[in-house]
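**Student:** Structure in structure tokens, see below.
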Amino acid sequence: ADWQQWRWGLRFLAQCNDAAFARNVEQLVALGAYSHVALKEVVADTGIAFDRLERGIAHYFTDTRSFDGAAEAAELIRGFGVDRRVVSRDELLAIEPAFRSFGHRIVGGTYTASDESGDARSFTQQLARHCAARGARLLFGRSVLRLHTVGGAVESLAVSAGGTGDSARNDLELKADAVVVACGSYSAPLLRTVGVDLPIYPGKGYSATLAILQPDAAPQVSTIDDEMKCAFTRLGDTLRVAGTIELAGFDHALDTPLARARCRMLVDRVATVLPGVCDTRTEADGGTPHFWTGLRPATPTNIPFIGRTAVGKLWVNAGHGTLGWTHGAGSGKAMAALIDGDAAPIAGFRFSGRA
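If you want it as structure tokens, here you go:
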């Protein structure tokens with residue numbers, strides 16, 4: 030048995046009440062608003078293009094009980110300054126007509142006009158090139174071997190051989206004035222080696238990226254399907270559908286019977302709600318679906334750890350769960366400010382590297 034999973038699960042259950050939900054949402058909204066501004070600043074400064082669509086995010090529901098619950102949550106979120114509208118079926122289909130053929134199943138939805146979507150992979154690849162051009166040294170194809178501490182503070186970290194170039198054949202010992210652990214789900218086991226124990230557990234999710242056959246009929250608004258807990262996002266001439274979660278440890282497999290079933294479920298959902306819009310054929314039938322899986326670094330509160338740890342010169346920026354793209358720019362900007370010794374940049378958000 031995975032006792033880390035059990036411990037995480039018990040802490041998660043402790044957050045399953047109205048008071049904790051409201052408290053956590055307030056912090057997530059504050060970080061999200063700050064991060065949205067930070068992302069726009071980066072884009073304005075760099076000119077990065079990443080299949081960006083500034084058309085909001087919609088959320089549709091196929092049963093009344095879930096829709097009623099979403100209306101209550103939307104009211105709470107509006108109280109924190111985010112204009113999340115509750116919309117009827119007809120209003121939702123006017124916002125995103127692509128789902129009209131599935132409209133008979135939809136009972137209503139929500140819509141946040143201020144939201145946007147884009148390709149996170151493309152964005153980060155281009156951002157890395159901009160950083161390198163400004164003098165950043167990027168080491169790819171390497172693993173962190175250990176954090177070396179002296180007198181209660183991080184002295185250096187060792188990274189494995191790998192990547193390209195003459196130096197790639199050797200392990201490296203890197204010294205720094207500050208070390209930030211931002212390793213997603215792998216942050217927790219790395220931090221535990223120096224006595225920092227944070228409740229970050231991997232949640233395995235899947236995505237399928239499909240070629241669009243009917244561009245004019247494909248959605249332009251990023252849309253969440255509540256029944257299947259998946260999201261549809263237009264990325265240029267493809268549609269990405271992502272969702273599901275498995276608490277399965279550090280499992281990246283895509284070739285197991287369960288993983289194949291998860292992937293097919295996503296494709297089948299596209300075929301159901303957007304019939305004929307995308308190429309939903311299997312590879313055996315000539316289709317070209319691209320499947321991917323990743324480990325979401327989940328915390329029991331859904332709030333990431335951003336701040337100084339109990340170990341000197343060691344900081345953490347991890348635990349963003351499904352909101353890494355949403356909160357990434359703001360988390361990085363806030364992290365830099367905190368390391369520089371500035372005051373916490375977001376009122377109402379608890380910056381901490383401790384549980």
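Numbering (this note's numbering), first residue to last: 30 to 384. C-beta: ideal position from N, C-alpha, C; glycine also. Fair warning: this is a prediction, and the values are worked out from it, not measured in the lab.
With H, G and I counted as helix, E and B as strand and the rest as coil, what does DSSP make of glutamate 125?
**Tutor:** Coil.
**Student:** Per DSSP, alanine 347 forms a beta bridge with which residues?
**Tutor:** Phe334, per the DSSP bridge assignment.
**Student:** Measuring CA to CA, which of Pro318, Phe109, Asn53, Asp254 is closest to threonine 238?
**Tutor:** When each option's Cα is compared against that of threonine 238, the closest is Pro318.
**Student:** Please tell me whether arginine 198 and alanine 187 are closer than 7 Å, where the distance is taken between their beta carbons.
**Tutor:** No, the Cβ-Cβ distance between arginine 198 and alanine 187 is not below 7 Å.
**Student:** Hey, out of Lys204, Ala376, Gly234, whose CA is closest to tryptophan 321's CA?
**Tutor:** Answer by Cα proximity: Gly234.
**Student:** With distances taken from CA atoms, which of Ser117, Val111, Ile106, Ser172 is nearest tyrosine 89?
**Tutor:** Comparing Cα-Cα distances from tyrosine 89 to each of Ser117, Val111, Ile106, Ser172, the minimum goes to Ser117.
**Student:** Using beta-carbon positions only, say whether leucine 268 and alanine 300 come within less than 7 Å of one another.
**Tutor:** No, they are not a contact pair.
**Student:** Entirely within the segment 114-160 and at least 3 residues each: give me those beta strand (DSSP E) ranges in chain order.
**Tutor:** Those beta strand (DSSP E) runs which fall completely within the segment 114-160 and span 3+ residues are 137-141.
**Student:** Any chance the segment 213-222 sits against the segment 55-64, with 3 or more Cβ pairs inside 8 Å?
**Tutor:** The segment 213-222 vs the segment 55-64: no contact.
**Student:** Write down the C-beta distance between valine 209 and methionine 364 rounded to the nearest angstrom, noting that I regard them as a contact closer than 8 Å.
**Tutor:** Valine 209 to methionine 364, Cβ: 6 Å. Contact.
**Student:** I'd like to check one pair, serine 185 with glutamate 202: are the Cβ atoms closer than 7 Å?
**Tutor:** Yes; because the gap between Cβ atoms is below 7 Å, this pair is in contact.
**Student:** Can you check which of these residues, Thr91, Gly108, Val111, is closest to valine 136 by C-alpha distance?
**Tutor:** Taking only the C-alpha atoms, the option nearest valine 136 is Thr91.
**Student:** Is the beta carbon of alanine 329 sitting closer than 7 Å to the one on proline 231?
**Tutor:** Note that residue 329 is proline in the sequence shown here, rather than alanine. Their beta carbons are not under 7 Å apart, which means proline 329 does not touch proline 231 by this criterion.
**Student:** Identify, in the order they occur along the chain, each residue of the same chain with its Cβ nearer than 6 Å to the Cβ of isoleucine 274, setting aside the five sequence neighbours on each side.
**Tutor:** So the list reads Gly232, Gly234, once near-sequence residues are dropped.
**Student:** Taking three-plus beta-carbon pairs below 8 Å as touching, is the segment 349-360 in contact with the segment 61-72?
**Tutor:** Yes: the two stretches touch, three or more of their Cβ pairs being nearer than 8 Å.
**Student:** Among residues of its own chain, excluding the 5 on either side of methionine 257, which ones have a beta-carbon nearer than 7 Å to its beta-carbon?
**Tutor:** For methionine 257, where only same-chain residues beyond five positions count, the Cβ hits under 7 Å are Gly272, Arg298.
**Student:** Under 7 Å between the Cβ atoms of arginine 84 and glutamine 249?
**Tutor:** Yes, they are a contact pair.
**Student:** Taking the Cβ atom as the reference point for each residue, do threonine 75 and histidine 159 lie within a distance shorter than 7 Å?
**Tutor:** Yes, the Cβ-Cβ distance between threonine 75 and histidine 159 is below 7 Å.
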